[in-house]
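See structure below.
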Amino acid sequence: MLASVVLATAGVVSAASASTPKGVELGSSDTGSEVTAARSTGLRGVSAYEGTGVPADVTAYGAQRVPAGHKIRGYSSPTGDDLGVQSIIGADNRVRVDPTTSFPASATVLITRTVGGVESLHCTGWMFGASLVLTAGHCVYNQSSGWYTGQLKFYPGANGTTYPYGSCTAATLRSNTGWTTDGNPDADYGGATLNCSVGNTTGWYGAYWTTASLTGTSTTVQGYPGDKAQQQWTHSDQVRETASLRLYYDNDTVGGNSGSSVHTVRASGSTGCSGRCSLAFHAYGVGSNGHNSGPRITESRFNLVVGWR
Amino acid sequence: MRRAHLALLIGVLALGACGGEAPSSDADAPPPTTARATVTGVVTDSAGWPVDGALVQPRSLDAPPRPVPELAVLSGPDGRYEWHLTPGRYEFTATRDDRTGPPAEATTEAGRTDHLDLRLP
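Protein sequences appear in the order of chains L and A.
Just so we're aligned: 218 in this note's numbering is position 218 of the first sequence, and the numbers increase by one with no gaps anywhere.
Just so we're aligned: 1060 in this note's numbering is position 60 of the second sequence, and the numbers increase by one with no gaps anywhere.
Written out as structure tokens, the structure reads:
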């Protein structure tokens, strides 16, 4: 609590974290976001920003142009049949998002990994600032092989074989010791500071933490499932169980959805966060309680990722 | 004043960075471990040729099941795939062009690499 109070009063919520290689920087450049406090209810957040739309030239934001048809290796079901995986809970109720040039599709990021010169679908991320993508910890760090440094590319709003916002690479990969040291699934979240500021045009998700139970809160998981060939798909459900560090929900997902924002839609003027507001980082398929799940955004996690901006 | 502000910022960021990662509170979740098991193998078709771009997915066979990371893991041009997982019993399947091969099972251990080849019909 102390951290959030001082952060708010000091007005430095957009400063880089102490782990940034270039050191600590003061100042705020995220003019499209607003941090509000409502400590009496144990809820605090930052609102979504819907961006300026598809730019005439993505290189103006430091992104690379990607020609239509650029080859990323992925799987596509010819008939659209689902895979019968556990994390499709009941019927497959996913819906394709097309086009992807309006928010929040524009701020939903396809993450690829290149190994041996072959670029493949890897994960999903979500913009959380002009240059910050958040995702699952296992999308940036593997306990067996370490950081995926130099292997990841980020394509906001990718749509099959078109890439309206181009691509960016990571300047810094980020996670937390709960994941990198302890390997705790409850702490399986991370991010990447990009070498571009494409978030100004794609917009970014909001996020908030609350001490209250979130059970019954609507949830949307929107991302790049591994059976849909770099297409963006979405499905809505609700929080089924609330744990202190994890949320459980029945949104239909497939491998590749890891790192998607688990978000809810809050009305304009809502306390803490309005618009598309992230509650958790999607990370795992069905576990012991029969639900899909992801690490919950808590107060300390919120402070940490805001510090990454 | 500026130095005091910087010191305050560093302290605040340190608090924010180390304040929240307590051990899991989920009573039924497996204990966290950094030691991962590796499962690797080659996906082949009915003629024995390696299959490029097959989606390889594990399913936990433990009770209670271990949640599986929702990564997209695809076989490479040589048919090879690799998964890193929490140790346990898993069933793996490969899918390509709406063809899903028979599941193959592996009981994995931390720090060990198990070889598990997968077939497509």
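Backbone N, C-alpha and C fix where the C-beta goes; we use that ideal spot for every residue, glycine too.
- Judged by DSSP in its simplified three-state form, Gly178 (chain L) adopts helix.
- Beta-bridge pairing by DSSP links Cys123 (chain L) to L:Ile111.
- Think of a sphere of 7 Å around the beta carbon of Val1073 (chain A): the chain L residues whose beta carbon falls inside it are Gly255, in chain order.
- Nearest to Gly42 (chain L) by alpha-carbon distance, out of L:Phe154, L:Thr135, L:Tyr148 and L:Thr211, is L:Thr211.
- Within a 10 Å sphere around the beta-carbon of His235 (chain L) sit 16 or more other beta-carbons, which makes this residue buried.
- Neighbours of His1115 (chain A) in chain L, taken as residues whose beta carbon is under 7 Å from its own, are absent, since the nearest beta carbon is some 15 Å off.
- Under a 10 Å Cβ-count criterion, Ser1046 (chain A) is classified as exposed, with fewer than 16 other Cβ atoms of the shown protein chains found around its own Cβ.
- Closer than 9 Å to the CB of Pro1065 (chain A) there is at least one CB belonging to chain L.
- In terms of beta-carbon proximity, Asp252 (chain L) stays away from the interface with chain A, with every pair separated by 9 Å or more.
- At least one CB atom of chain A sits nearer than 9 Å to the CB of Pro225 (chain L).
- In this structure, DSSP gives Leu214 (chain L) a state outside helix and strand, which the three-state scheme calls coil.
- In this structure, the straight-line span from the alpha carbon of Pro1064 (chain A) to that of Ile88 (chain L) is close to 18 Å.
- Using a CB distance cut-off of 9 Å, His235 (chain L) does not count as an interface residue toward chain A.
- Under the 9 Å criterion on CB atoms, Ser258 (chain L) is classed as interfacial with respect to chain A.
- At the C-beta level, Ala1072 (chain A) and Leu121 (chain L) come within 9 Å of one another.
- Under the 8 Å Cβ criterion, the stretch 183-202 of chain L counts as touching the stretch 55-68 of chain L, having at least three qualifying pairs.
- Using beta-carbon distances, His122 (chain L) counts as an interface residue toward chain A, with a partner under 9 Å.
- Taken through DSSP and simplified to helix, strand or coil, Thr234 (chain L) comes out as strand.
- Look at the beta carbons and you see the stretch 185-192 of chain L not touching the stretch 90-102 of chain L: under three pairs across the two are nearer than 8 Å.
- Rounded to whole angstroms, Gly51 (chain L) and Val1051 (chain A) show a C-alpha spacing of 41 Å.
- Spatial neighbours of Ser261 (chain L) in its own chain (CB-CB distance under 6 Å, excluding positions within 5 residues in sequence) are listed in chain order as Trp126, Tyr205 and Ser278.
- Ranking L:Ser47, L:Pro55, L:Ser106 and L:Cys139 by CA distance to the CA of Asn257 (chain L) puts L:Cys139 first.
- Assigned with DSSP and collapsed to three states, Asn303 (chain L) falls in helix.
- Excluding five sequence positions before and after Glu1105 (chain A), the CB atoms of its chain that fall closer than 6 Å to its own CB belong to Glu1091, given in chain order.
- Proximity of chain L to Arg1096 (chain A) at the Cβ level (cut-off 9 Å) is accounted for by Tyr75, in chain order.
- In this structure, the straight-line span from the alpha carbon of Gly272 (chain L) to that of Val46 (chain L) is close to 6 Å.
- A check of alpha carbon separations from Val1043 (chain A) across A:Glu1109, A:Gly1111 and A:Thr1095 identifies A:Thr1095 as the nearest.
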